[in-house]
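S.K.:
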């Protein structure tokens, strides 16, 4: 569509600024311009648009349904764990029970995410960067992880300083190291990244900007860790870091690696402490 | 039709204007908004909006279009002059061009509702004045009201309960201690006091967090028109997530105020759908 220079302007009906007539959206306020409506006067185009809109709405609805399912599993796992803790004897080693319960719940989580991969329409990659820029994303990934880890430790240090929770009262039933690596580092690294950075971030970026999609998916990620209530704010920040890595690298593999590494560092330092 | 410029107004109405008026602005006969009449070159380089209905329509058989009064010579000599048409001329122009003189879809397809495609499909075209948009706005307003209500209630209730947090924690921990003593085990009173203090501080933190959440809901309500989709999704996510968090802390809270919770969740889900459609329709 070409326009004569002299007449190539329209007044935006919302912000009343004069803009190029061949634009479909106002660059100032993003309101639709006549060019967009002219294009939509084709019924077929409108119908196709409607179909695409419906697909987006369906994708978002399914995403939210699966998110609620994950939250429900979380709640169930916590209730069962609490029930078992109440019944178990304090002097007995209960690490076996903890492993079985955690493994079962994470298997259920994995199943939910795998089903979501088939049910929620495959999202587009929320990355429009060139291959060279994506390489830069891979390079900056470890730095983002370092920042996120530093923030995480600073937050928890402040928290512990305020709460002053007695050290002797920490979890008496730690998991065996092998199981902890699988259930705390590898499984969440893969499954949570598939859900929050691949499905959620991709699906949300269909209806909002990438930055907003990163924030919303990170809040979902943070709220999904309801069992560690006081860590929700910092986990949301961790989610933002991993979301940025996902968008910059264009790959889901890097956030998976960094997530697993993040959890491994946290686990190691907690064990040492 | 060489002497006419046919184009689509922002409201979706297809209108036509004499070529002499190219580049000038006039009020749309359908929506009354000021619109600029494109030049002939624009309409020539830009394919006319061909619709499925257009394909069924033959232009033959329509009554001859009336000729338009000549423009003043100065305007005719400079058709691209960016000046509005005189108010009194506005009605003359559109009166002569508008629906009565335009071949309507209804006439051509025999009884078909004589309205433009975009008006016939308000939910698809989604103009700002459409009924669908109005319904979506209403839905978003409901969500906004709910966000304010949830925010204010959360702040008020938690501020009222703040004074009782310590007493409640003491009561619960004493009950736990009594259970342990009943089992024949001993309790180290120093350690018990340490635990109590830490639990109280955690309780305070949670209260601060919940009050902050209430304030956040008020902010969401204020921002909903600016970022409808992200705000509605975040509000829904946090609301459901908070219900789970409280159910973990105290399972009985899951059923407390269940009807209210269900209403809020349904309203927020509908708001998410409305926000997506509203944003897609381009009125944001």
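Chains as they are written, first to last, in the numbering used here: chain B, 1 to 273; chain P, 1001 to 1284. Backbone N, C-alpha and C fix where the C-beta goes; we use that ideal spot for every residue, glycine too.
Taking 8 Å as the threshold (C-beta atoms), are residue 158 of chain B and residue 265 of chain B in contact?
M.R.: In the first chain, counting from the first residue as 1, residue 265 of chain B sits at position 265. In the first chain, counting from the first residue as 1, residue 158 of chain B sits at position 158. No, these two residues do not count as a Cβ contact at 8 Å.
S.K.: Can you check whether the CB of residue 206 of chain B is closer than 8 Å to the CB of residue 61 of chain B?
M.R.: Counting from 1 along the first chain, the entry for residue 61 of chain B is found at position 61. Counting from 1 along the first chain, the entry for residue 206 of chain B is found at position 206. Against a cut-off of 8 Å, the Cβ pair of residue 206 of chain B and residue 61 of chain B comes out as no contact.
S.K.: Restricting to Cα atoms, I'd like to know which of B:231, B:199, B:189, B:240 is closest to residue 218 of chain B.
M.R.: Position 218 of the first chain, counted from the start, is the residue given in the question as residue 218 of chain B. Among B:231, B:199, B:189, B:240, the Cα nearest to that of residue 218 of chain B is on B:240.
S.K.: Residue range of the beta strand (DSSP E) that residue 1027 of chain P falls in?
M.R.: Counting from 1 along the second chain, the entry for residue 1027 of chain P is found at position 27. Taken as a continuous stretch (DSSP letters only), the beta strand (DSSP E) holding residue 1027 of chain P covers 1025-1027.
S.K.: Starting from the C-beta of residue 235 of chain B, find all residues in its chain whose C-beta is less than 7 Å away, skip the five residues before and the five after it, and write them out in chain order.
M.R.: By one-based count along the first chain, residue 235 of chain B stands at place 235. Excluding residues within five positions, the ones whose Cβ falls inside 7 Å are 221, 222, 225.
S.K.: Between the stretch 1212-1219 of chain P and the stretch 1252-1272 of chain P, are three or more C-beta pairs nearer than 8 Å?
M.R.: Contact between the stretch 1212-1219 of chain P and the stretch 1252-1272 of chain P is absent, because fewer than three Cβ pairs lie under 8 Å.
S.K.: What first and last residue would you give for the alpha helix (DSSP H) that runs through residue 1191 of chain P?
M.R.: Locating residue 1191 of chain P in the second chain gives position 191, where the first residue counts as 1. Element bounds for residue 1191 of chain P: 1189-1223.
S.K.: To which residues of the same chain is residue 80 of chain B closer than 7 Å at the C-beta, ignoring the five residues directly before and after it?
M.R.: Mapped onto the first chain, residue 80 of chain B falls at position 80. 101.
S.K.: If we ignore side chains and look at the alpha-carbon of each, how far apart do residue 98 of chain B and residue 1281 of chain P end up?
M.R.: Translated into positions along the first chain, residue 98 of chain B becomes position 98. Translated into positions along the second chain, residue 1281 of chain P becomes position 281. A straight line joining the alpha-carbon of residue 98 of chain B with that of residue 1281 of chain P spans about 51 Å.
S.K.: Hey, could you find the ends of the beta strand (DSSP E) residue 1008 of chain P is sitting in?
M.R.: For the purposes of this step, residue 1008 of chain P is taken as the residue at position 8 of the second chain. Its beta strand (DSSP E) spans residues 1004-1008.
S.K.: Between residue 1227 of chain P and residue 212 of chain B, how many whole angstroms is the CB-CB distance? I'm expecting something under 8 Å.
M.R.: Here residue 1227 of chain P is taken as the residue at index 227 of the second chain, counted from 1. Here residue 212 of chain B is taken as the residue at index 212 of the first chain, counted from 1. Right, the Cβ-Cβ distance comes to about 7 Å (below 8 Å), so this counts as a contact.
S.K.: Within 8 Å (strictly less), CB to CB, does residue 104 of chain B reach chain P?
M.R.: As a first step, residue 104 of chain B must be located in the first chain, where it is residue number 104. Proximity of residue 104 of chain B to chain P, defined by a Cβ-Cβ separation below 8 Å, is not satisfied.
S.K.: Using 8 Å for Cβ pairs, my map puts residue 193 of chain B next to residue 262 of chain B. What's the rounded Cβ distance?
M.R.: Start at 1 with the first residue of the first chain, and residue 193 of chain B comes out as number 193. Start at 1 with the first residue of the first chain, and residue 262 of chain B comes out as number 262. Wrong, their Cβ atoms sit about 11 Å apart, outside the cutoff.
S.K.: Ignoring anything shorter than 4 residues, give me the alpha helix (DSSP H) runs that lie fully in the stretch 115-188 of chain B, in order along the chain.
M.R.: Inside the stretch 115-188 of chain B, DSSP marks whole alpha helix (DSSP H) runs of 4 or more residues at positions 131-163, 177-180, from first to last along the chain.
S.K.: Let's see if you can read the secondary structure: which residues bound the beta strand (DSSP E) around residue 1016 of chain P?
M.R.: Indexing the second chain from 1 puts residue 1016 of chain P at position 16. From DSSP, the beta strand (DSSP E) with residue 1016 of chain P extends over 1014-1018.
S.K.: When you compare the CB of residue 1172 of chain P with every CB in chain B, is at least one pair closer than 8 Å?
M.R.: For the purposes of this step, residue 1172 of chain P is taken as residue 172 along the second chain, with counting starting at 1. No, its Cβ sits nowhere closer than 8 Å to a Cβ of chain B.
S.K.: Does residue 17 of chain B come out as helix, strand or coil in the three-state DSSP assignment?
M.R.: As a working note, residue 17 of chain B is residue 17 in the first chain. In the structure shown, residue 17 of chain B sits in coil (DSSP, three-state: anything other than H, G, I, E or B).
S.K.: Determine the contact status of residue 200 of chain B and residue 121 of chain B, defining contact as a CB-CB distance below 8 Å.
M.R.: Within the first chain, residue 200 of chain B is the residue found at index 200, counting from 1. Within the first chain, residue 121 of chain B is the residue found at index 121, counting from 1. Cβ atoms of residue 200 of chain B and residue 121 of chain B: not closer than 8 Å.
S.K.: If you draw a straight line from the C-alpha of residue 1229 of chain P to the C-alpha of residue 140 of chain B, how long is it?
M.R.: The residue labelled residue 1229 of chain P in the question sits at position 229 within the second chain. The residue labelled residue 140 of chain B in the question sits at position 140 within the first chain. When rounded, the distance between both Cα atoms is 30 Å.
S.K.: Write down the C-beta distance between residue 190 of chain B and residue 256 of chain B rounded to the nearest angstrom, noting that I regard them as a contact closer than 8 Å.
M.R.: Numbered from 1 along the first chain, position 190 holds the residue referred to as residue 190 of chain B. Numbered from 1 along the first chain, position 256 holds the residue referred to as residue 256 of chain B. About 6 Å separates the two Cβ atoms, so the contact holds.
S.K.: Below 8 Å on the Cβ atoms is my guess for residue 1180 of chain P versus residue 1169 of chain P; work out the distance and round it to an integer in Å.
M.R.: Counting from 1 along the second chain, the entry for residue 1180 of chain P is found at position 180. Counting from 1 along the second chain, the entry for residue 1169 of chain P is found at position 169. By a beta-carbon distance limit of 8 Å, residue 1180 of chain P does not contact residue 1169 of chain P. Their separation comes to about 17 Å.
S.K.: According to DSSP, what are the bridge partners of residue 1035 of chain P?
M.R.: Within the second chain, residue 1035 of chain P is the residue found at index 35, counting from 1. Per DSSP, P:1026.
S.K.: Please report whether the beta-carbon of residue 27 of chain B lies at a distance below 8 Å from any beta-carbon of chain P.
M.R.: As a first step, residue 27 of chain B is located in the first chain; it is residue number 27 there, counting from the start. So no, residue 27 of chain B is outside the interface.
S.K.: Taking only beta carbons into account, state which residues of the stretch 46-80 of chain B come closer than 8 Å to chain P, listed in chain order.
M.R.: 46, 47, 49, 50, 53, 56, 57, 60, 61, 64, 67, 68, 71, 72, 74, 75, 78, 79
S.K.: Against chain P, with Cβ distances strictly below 8 Å, would residue 263 of chain B count as a contact?
M.R.: Residue mapping note: residue 263 of chain B aligns to position 263 of the first chain, counting from 1. Chain P contact via Cβ: absent.
S.K.: For the stretch 216-237 of chain B, which residues have a CB atom closer than 9 Å to at least one CB atom of chain P, in sequence order?
M.R.: 216, 219, 220, 222, 223, 224, 226, 227, 229, 230, 232, 233
S.K.: Against residue 1241 of chain P, what residues of chain B qualify as contacts under a CB-to-CB distance less than 7 Å, listed in chain order?
M.R.: Counting from 1 along the second chain, the entry for residue 1241 of chain P is found at position 241. Those are 71, 223, 226, listed as they occur along chain B.
S.K.: Given a limit of 9 Å on CB to CB distance, which residues of the stretch 173-189 of chain B reach chain P?
M.R.: none
S.K.: Output, in sequence order along the chain, the residues in the stretch 144-165 of chain B whose CB is closer than 7 Å to any CB in chain P.
M.R.: 162, 163, 164, 165
S.K.: Can you check which of these residues, B:156, B:15, B:254, is closest to residue 145 of chain B by C-alpha distance?
M.R.: To locate residue 145 of chain B, count along the first chain from 1; it is residue 145. Nearest C-alpha to residue 145 of chain B: B:254.
S.K.: Can you check whether the C-beta of residue 1227 of chain P is within less than 8 Å of a C-beta belonging to chain B?
M.R.: Here residue 1227 of chain P refers to the residue found at position 227 of the second chain. By this cut-off, residue 1227 of chain P is an interface position.
S.K.: Using CA coordinates, which residue listed in B:154, B:267, B:74 is at the minimum distance from residue 185 of chain B?
M.R.: Residue 185 of chain B sits at position 185 when you count from the first residue of the first chain. Checking every option, the nearest Cα to that of residue 185 of chain B belongs to B:267.
S.K.: State the start and end residues of the unbroken alpha helix (DSSP H) segment that holds residue 249 of chain B.
M.R.: Counting from 1 along the first chain, the entry for residue 249 of chain B is found at position 249. Where residue 249 of chain B is concerned, the enclosing alpha helix (DSSP H) stretches over 232-249.
S.K.: Note down the Cα distance separating residue 10 of chain B from residue 1212 of chain P, rounded to an integer number of angstroms.
M.R.: Counting from one through the first chain, the residue named residue 10 of chain B turns up at place 10. Counting from one through the second chain, the residue named residue 1212 of chain P turns up at place 212. Answer to the nearest angstrom: the Cα atoms are 44 Å apart.
S.K.: Sorted by chain position, which residues of the same chain lie with C-beta nearer than 7 Å to residue 74 of chain B's C-beta, five sequence neighbours on each side aside?
M.R.: The residue you call residue 74 of chain B lines up with position 74 of the first chain. Hits under 7 Å: 224, 226, 227.
S.K.: Which ranges does the alpha helix (DSSP H) cover as unbroken runs of at least 4 residues, wholly within the stretch 1218-1275 of chain P, from first to last along the chain?
M.R.: 1228-1249
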